[in-house]
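Reading through the structure tokens given below for one structure.
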Amino acid sequence: MNYFDCHADTLTEIISGETLDQNSGDLDLNRLGDFVENYTQIFAVWKDAQNLNKEDPDRDFLQLYHRAIAYLEEENRKILLCKSGEDMKKAHSMRKAAAFLSIEDISLMGKYVENVREMGFRFAMLTWNYENKYGCGAAFDQEKGLTSEGKELVKTLLSQNLVMDVSHLSDQGVEDLFGLTDRPIIASHSNVREVRDRPRNIKKEHLKELIRRKGIIGMNFFSNFVGEEPKVEDLLRHMDQVLEMGGEDCLAIGSDFDGCSGRFPEGIKGVQSVPDLRRALLAHGFGESLVEKIFHENAYRFVLENVK
2 MNYFDCHADT
12 LTEIISGETL
22 DQNSGDLDLN
32 RLGDFVENYT
42 QIFAVWKDAQ
52 NLNKEDPDRD
62 FLQLYHRAIA
72 YLEEENRKIL
82 LCKSGEDMKK
92 AHSMRKAAAF
102 LSIEDISLMG
112 KYVENVREMG
122 FRFAMLTWNY
132 ENKYGCGAAF
142 DQEKGLTSEG
152 KELVKTLLSQ
162 NLVMDVSHLS
172 DQGVEDLFGL
182 TDRPIIASHS
192 NVREVRDRPR
202 NIKKEHLKEL
212 IRRKGIIGMN
222 FFSNFVGEEP
232 KVEDLLRHMD
242 QVLEMGGEDC
252 LAIGSDFDGC
262 SGRFPEGIKG
272 VQSVPDLRRA
282 LLAHGFGESL
292 VEKIFHENAY
302 RFVLENVK
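All residue numbers for the sequence shown refer to our numbering, where the first residue is 2 and numbers rise by one.
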């Protein structure tokens with residue numbers, strides 16, 4: 002099968018002595034090799050900003066970044082770091098997986114934010130769960146939006162053709178971002194708030210705007226965002242809502258593997274469960290062409306059109 006996952010924290014969560022090819026986390030290339038044909042992954046570079054080295058946070062970020070790059074380079078026989086849609090096509094033609102980098106909470110970069118594109122990032126989230134100098138996270142205060150510095154940074158990122166990602170951003174921050182650009186925007190790993198009322202899930206009105214812009218909405222597997230004691234059927238309820246809003250060409254997967262502390266709906270244990278999830282969608286009544294869109298085609302098309 003073809004598989005495109007819009008968000009995983011794997012590169013920053015692999016424990017010492019393990020590799021991207023084989024590890025004890027939620028995702029590795031060895032398990033993917035059992036079922037996947039064409040695979041693309043957007044990997045987040047992330048750390049809780051409160052845990053940065055207070056004396057030298059810039060150096061702390063740089064070490065985190067180089068560690069993530071090293072994991073990819075170590076497995077370059079199987080996966081390539083890509084910086085454009087054409088790079089992705091080339092990787093697949095070589096029978097290799099395609100990897101993209103996303104910065105999750107751009108304040109982590111400190112002074113290196115000036116080099117965000119040069120360092121290979123093509124997707125950017127302004128915040129994580131907290132408030133920073135650029136804006137406010139959804140889990141902190143929904144009514145606080147982007148700061149003036151955040152708005153200027155958005156303009157810079159857009160001028161560098163980075164794709165903005167509203168997962169983790171407050172409601173007002175999303176509104177502010179919409180006001181700054183009409184470009185396609187993604188929610189890499191967020192579900193529907195009207196289905197499961199959690200701050201990290203996104204309101205229908207904002208999802209409708211993402212759909213209007215031909216963006217991407219990646220379904221998050223974290224159990225707390227899916228439902229109460231959730232099963233796969235609860236995840237399908239979020240997908241049904243996106244489809245009812247006209248999101249057939251925007252719906253995708255944003256698993257949040259290695260970012261959920263192993264807390265998934267019943268029936269999902271890690272990347273090895275992806276074929277089971279695909280079968281569940283077919284059994285739910287989704288046709289083969291729609292399932293292919295969700296698991297691969299929508300996000301693949303988005304990257305070809307928007308990541309240059």
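Cβ coordinates follow ideal geometry from the N, Cα and C atoms, glycine included. Quantities reported herein were computed from a predicted structural model and do not represent experimental measurements.
Neighbour-count burial assignment, residue i, 16 or more Cβ in a 10 Å radius
{"i": "Gly138", "result": "buried"}
{"i": "Thr20", "result": "exposed"}
{"i": "Glu105", "result": "buried"}
{"i": "Arg96", "result": "exposed"}
{"i": "Ile203", "result": "buried"}
{"i": "Ile16", "result": "exposed"}
{"i": "Gly248", "result": "buried"}
{"i": "Arg60", "result": "exposed"}
{"i": "Asn52", "result": "exposed"}
{"i": "Lys112", "result": "exposed"}
{"i": "Asp172", "result": "buried"}
{"i": "Asp6", "result": "buried"}
{"i": "Asp166", "result": "buried"}
{"i": "Ser94", "result": "exposed"}
{"i": "Ser25", "result": "exposed"}
Alpha carbon of residue i to alpha carbon of residue j, nearest angstrom
{"i": "Phe303", "j": "Gly288", "result": "21 Å"}
{"i": "Met2", "j": "Gly268", "result": "19 Å"}
{"i": "Tyr135", "j": "Ala284", "result": "44 Å"}
{"i": "Lys205", "j": "Glu195", "result": "7 Å"}
{"i": "Arg68", "j": "Asn54", "result": "16 Å"}
{"i": "Gln64", "j": "Lys294", "result": "36 Å"}
{"i": "Gly216", "j": "Glu76", "result": "30 Å"}
{"i": "Thr376", "j": "Ser168", "result": "An answer regarding residue 376 cannot be provided, because it is not within the stretch 2 to 309 covered by the chain."}
{"i": "Glu312", "j": "Met126", "result": "In this structure the chain extends from 2 to 309, so residue 312 is not present and cannot be described."}
{"i": "Ala300", "j": "Glu115", "result": "27 Å"}
{"i": "Gly146", "j": "Gly180", "result": "12 Å"}
{"i": "Met246", "j": "His207", "result": "11 Å"}
{"i": "Ile212", "j": "Lys156", "result": "22 Å"}
{"i": "Thr308", "j": "Arg78", "result": "Checking the sequence shown, residue 308 turns out to be Val, not Thr. Computed Cα separation, rounded: 23 Å."}
{"i": "Pro387", "j": "Val37", "result": "Since the displayed the chain opens at 2 and closes at 309, residue 387 lies outside it and no answer follows."}
{"i": "Glu234", "j": "Gln161", "result": "40 Å"}
{"i": "Val175", "j": "Ser189", "result": "14 Å"}
{"i": "Arg238", "j": "Thr41", "result": "25 Å"}
{"i": "Val292", "j": "Ser85", "result": "25 Å"}
{"i": "Ser224", "j": "Ser262", "result": "10 Å"}
{"i": "Ala98", "j": "Leu81", "result": "6 Å"}
{"i": "Pro58", "j": "Met110", "result": "8 Å"}
{"i": "Ala100", "j": "Asp22", "result": "13 Å"}
{"i": "Tyr66", "j": "Leu154", "result": "20 Å"}
{"i": "Asp88", "j": "Leu305", "result": "9 Å"}
Integer Cβ distance of residue i from residue j, believed to fall under 8 Å
{"i": "Val117", "j": "Leu178", "result": "The Cβ separation is near 17 Å, so there is no contact."}
{"i": "Pro200", "j": "Gln143", "result": "6 Å"}
{"i": "Phe226", "j": "Arg197", "result": "6 Å"}
{"i": "Ser103", "j": "Phe124", "result": "4 Å"}
{"i": "Asp1", "j": "Gly271", "result": "Residue 1 lies beyond the range of the chain shown here (2 to 309); nothing can be said about it."}
{"i": "Ala253", "j": "Gly286", "result": "In fact, because the Cβ distance is near 19 Å, the residues do not count as touching under 8 Å."}
{"i": "Asn1", "j": "Phe141", "result": "Since the first and last residues shown for the chain are 2 and 309, residue 1 lies out of range."}
CB contact below 8 Å: residue i versus chain C
{"i": "Ser171", "result": "This model lacks chain C altogether; it includes just one protein chain."}
Closest residue to residue i among the options (Cα-Cα distance)
{"i": "Thr11", "options": "Asp61, Asp35, Ala71", "result": "Ala71"}
{"i": "His297", "options": "Gly174, Ile43, Asp27", "result": "Ile43"}
{"i": "Arg184", "options": "Tyr4, His207, Leu159", "result": "Leu159"}
{"i": "Glu150", "options": "Thr128, Asp166, Phe141", "result": "Thr128"}
{"i": "Leu236", "options": "Phe36, Cys83, Glu56, Asn192", "result": "Asn192"}
{"i": "Leu30", "options": "Leu73, Pro58, Asp88, Asp257", "result": "Leu73"}
{"i": "Arg264", "options": "His239, Lys232, Cys251", "result": "Lys232"}
{"i": "Asn39", "options": "Gln273, Asn24, Glu14, Lys90", "result": "Lys90"}
{"i": "Val46", "options": "Lys84, Ala9, Asp172", "result": "Ala9"}
{"i": "Thr13", "options": "Asp57, Asp257, Ser274", "result": "Asp257"}
{"i": "Leu33", "options": "Pro58, Glu56, Tyr4", "result": "Tyr4"}
{"i": "Glu119", "options": "Cys83, Phe36, Ala50", "result": "Cys83"}
{"i": "Lys48", "options": "His93, Cys7, Gly260", "result": "Gly260"}
{"i": "Met240", "options": "Ser262, Glu230, Ser274, Arg279", "result": "Arg279"}
{"i": "Gly255", "options": "Lys209, Glu230, Ser290, Ile187", "result": "Ile187"}
{"i": "Cys251", "options": "Glu210, Ala100, Asp22", "result": "Glu210"}
### Task
Ignoring anything shorter than 3 residues or poking outside the stretch 131–165, list the beta strand (DSSP E) runs there in chain order.
For the stretch 131–165, not a single whole beta strand (DSSP E) run of length 3 or above is found.
#### Entry: Segments of 4+ residues assigned as alpha helix (DSSP H) that fall wholly inside the stretch 251–309
Here the runs fully enclosed are 275–285, 289–293, 299–307.
#### Entry: Every unbroken alpha helix (DSSP H) within the stretch 165–233, with a cutoff of 4 residues, ordered by chain
Correct list: 172–181, 205–213, 224–227.
### Message
Give the list of continuous beta strand (DSSP E) stretches no shorter than 3 residues that lie fully inside the stretch 65–123.
### Response
Segments of the beta strand (DSSP E) lying fully in the stretch 65–123: 80–82, 98–105.
### Task
Just list the beta strand (DSSP E) runs in the stretch 38–64, keeping only unbroken ones of 3 residues or longer that don't cross its boundaries, in chain order.
Secondary structure remark: continuous beta strand (DSSP E) runs of at least 3 residues inside the stretch 38–64, in chain order: 40–46.
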